[in-house]
Amino acid sequence: MNSKQQPDWWRYSATSWQQLLELLSELEPTTVGQCANKASWQLLGVGDTNTNFKLSLAHQDYFVQLVDQAKLEQLPSGEYASQTRLVSENPALSKWLPKCLLDTEVMRVSTWLDAKPTINQDFNNPDLVGELIRLLSELHHSELSLPELDIKKHLAKYYEIARANKNADPLRLEALYEQGQKLTGYFVASHSCHNDISPGNLLSGHQIFLVDWEYAAKSDPLFELAGIIFNFDLSDQQEKELVTEYRKQSGIKVDLDKLEAMKDLYRIISELWYTENEQSCRNLGK
Numbered sequence: 015m016n017s018k019q020q021p022d023w024w025r026y027s028a029t030s031w032q033q034l035l036e037l038l039s040e041l042e043p044t045t046v047g048q049c050a051n052k053a054s055w056q057l058l059g060v061g062d063t064n065t066n067f068k069l070s071l072a073h074q075d076y077f078v079q080l081v082d083q084a085k086l087e088q089l090p091s092g093e094y095a096s097q098t099r100l101v102s103e104n105p106a107l108s109k110w111l112p113k114c115l116l117d118t119e120v121m122r123v124s125t126w127l128d129a130k131p132t133i134n135q136d137f138n139n140p141d142l143v144g145e146l147i148r149l150l151s152e153l154h155h156s157e158l159s160l161p162e163l164d165i166k167k168h169l170a171k172y173y174e175i176a177r178a179n180k181n182a183d184p185l186r187l188e189a190l191y192e193q194g195q196k197l198t199g200y201f202v203a204s205h206s207c208h209n210d211i212s213p214g215n216l217l218s219g220h221q222i223f224l225v226d227w228e229y230a231a232k233s234d235p236l237f238e239l240a241g242i243i244f245n246f247d248l249s250d251q252q253e254k255e256l257v258t259e260y261r262k263q264s265g266i267k268v269d270l271d272k273l274e275a276m277k278d279l280y281r282i283i284s285e286l287w288y289t290e291n292e293q294s295c296r297n298l299g300k
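Counted the way our numbering counts, the sequence shown spans residues 15 to 300.
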């Protein structure tokens, strides 16, 4: 294989192809040629700003995430930062991440995990909840060099993008935005947070793993909790146990009125996101 030339089917940047080959030439020099075989690539899904693959070579499987440069404005900082490697190199957090092999502005490569997405029922397991809270406690108390999430700008950005959907109800969007603006007053960006803990990002195998750190930012830990409650559709009892364990382990105050406000704010942002991505979601479902 001519390592200078990407295959015809590669629709991503030439830079990402070269970076991948350079990495694999070091890791698997005898099998790097298999990288050009499209059959070695399994599409896992498309995220907000990326496309995810499982790359299977002779000796090792890899997780490869390719960044969509056109959607980077959705990130808290408005640009991609190599945050996965930043977090994976933190001694207190590294055990909850797969080994990061490459993290650049165009792609991310890590070792493959034999793990599955967590689901609502997993939150009935006190061991899993306890481990998740240990992770959150370490994360929220860590001093990571992350961008600060400006929640007002974040909300406004999603509102403007959602309005571009011609099928959306403009009155509904305006009502959501006005409600969200009132709730942003509760938000305080005070701790390092992941900001996108969802079934596809919280994986469970012999332990739990947290992946996709592209939304990581200095944020509000109660907004983080609200995201978990919303994304996993936790019952009142599951939510109570999560909050009780978080209070106990993290030492961070949980104001229940503020948590309710953060749940509403997270729901509004999620609805705006869905409106924005509605057509893409429909296409993926076909």
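Note that CB positions come from ideal geometry on N, CA and C, so glycine has one too.
Predicted, not measured: the structure shown is a model, and the values here were computed from it.
Residues near residue i by beta carbon distance below 7 Å, same chain, minus five either side
i              : result
arginine 281   : Phe244
alanine 182    : Ala176, Thr289
alanine 28     : Gln20
asparagine 259 : Here the sequence assigns glutamate to residue 259, which means asparagine is not the residue at that position. The answer, listed in chain order, is Val143, Gly144, Ile147.
Nearest-angstrom Cβ-Cβ length linking residue i and residue j, presumed shorter than 8 Å
i             : j                 : result
aspartate 226 : aspartate 250     : With a Cβ gap of about 28 Å, aspartate 226 and aspartate 250 do not count as contacting.
valine 101    : leucine 115       : Rounded, the Cβ-Cβ distance is 14 Å, inconsistent with contact.
alanine 230   : glutamine 97      : 5 Å
lysine 52     : tryptophan 23     : 5 Å
cysteine 207  : glutamate 238     : 5 Å
proline 131   : glycine 214       : 5 Å
leucine 127   : phenylalanine 223 : 6 Å
alanine 129   : leucine 41        : About 21 Å separates the two Cβ atoms, so there is no contact after all.
cysteine 49   : leucine 58        : Contact flag wrong, Cβ pair sits at about 17 Å.
Option in the options with minimal Cα separation from residue i
i                 : options                        : result
serine 302        : Pro43, Phe67, Thr63, Ser39     : Residue coverage of the chain in this structure runs from 15 to 300, which leaves residue 302 outside it and unanswerable.
serine 233        : His220, Gln221, Leu150         : Leu150
asparagine 179    : Glu192, Val46, Trp287, Thr29   : Trp287
serine 70         : Val123, Glu103, Thr63          : Val123
phenylalanine 201 : Ala240, Ala129, Cys49          : Ala240
threonine 118     : Glu274, Glu228, Leu279, Val257 : Glu228
methionine 9      : Pro131, Thr198, Cys207, Ala203 : Only positions 15 to 300 of the chain appear in the structure, and residue 9 is not among them; the question remains open.
glutamate 162     : Met121, Ser204, Asn64, Pro140  : Ser204
valine 120        : Gln33, Val257, Asp269, Gln19   : Gln33
valine 81         : Pro105, Lys262, Tyr26          : Tyr26
lysine 167        : Ile133, Gly194, Leu57, Leu158  : Gly194
phenylalanine 137 : Glu36, Thr63, Asp247           : Asp247
asparagine 139    : Thr125, Glu255, Ala106         : Glu255
Continuous beta strand (DSSP E) stretch holding residue i: start and end
i             : result
alanine 231   : 231-233
tryptophan 55 : 55-60
arginine 357  : Residue 357 lies beyond the stretch modelled for the chain, which goes from 15 to 300, so this question has no answer here.
glutamine 79  : 75-81
leucine 116   : 114-117
Proximity test, Cβ basis, 8 Å: residue i and chain D
i            : result
glutamate 36 : Of the protein chains in the structure, only one exists, and it is not chain D.
Alpha helix (DSSP H) segment containing residue i, residue limits
i             : result
threonine 258 : 250-264
leucine 69    : Taken as a continuous stretch (DSSP letters only), leucine 69 belongs to no alpha helix (DSSP H), being part of the beta strand (DSSP E) at 64-70.
valine 46     : Per DSSP, valine 46 belongs to no alpha helix (DSSP H) and is neither H nor E.
aspartate 141 : 140-154
glutamine 33  : 28-41
arginine 99   : 97-102
Own chain, CB closer than 8 Å to residue i, minus 5 neighbours either side, in chain order
i                 : result
serine 264        : Ile147, Leu150, Ser151, His154, His155, Pro235
threonine 44      : Ala72
leucine 187       : Tyr173, Ala176, Arg177, Leu286, Thr289
glutamate 145     : Gln221, Ile222
phenylalanine 157 : First, the residue type needs correcting, since residue 157 is glutamate and not phenylalanine in the sequence shown. These residues qualify, in order along the chain: Ser206.
6 Å Cβ shell around residue i - same chain, five flanking residues per side excluded
i              : result
glutamate 253  : Ile243
tyrosine 191   : Tyr173
proline 184    : none
threonine 65   : Leu80
valine 257     : Val268
isoleucine 266 : Pro235
Exercise. What beta strand (DSSP E) runs, 3 residues minimum, are completely inside the segment 166-229?
Worked result: 205-207, 216-218, 222-224
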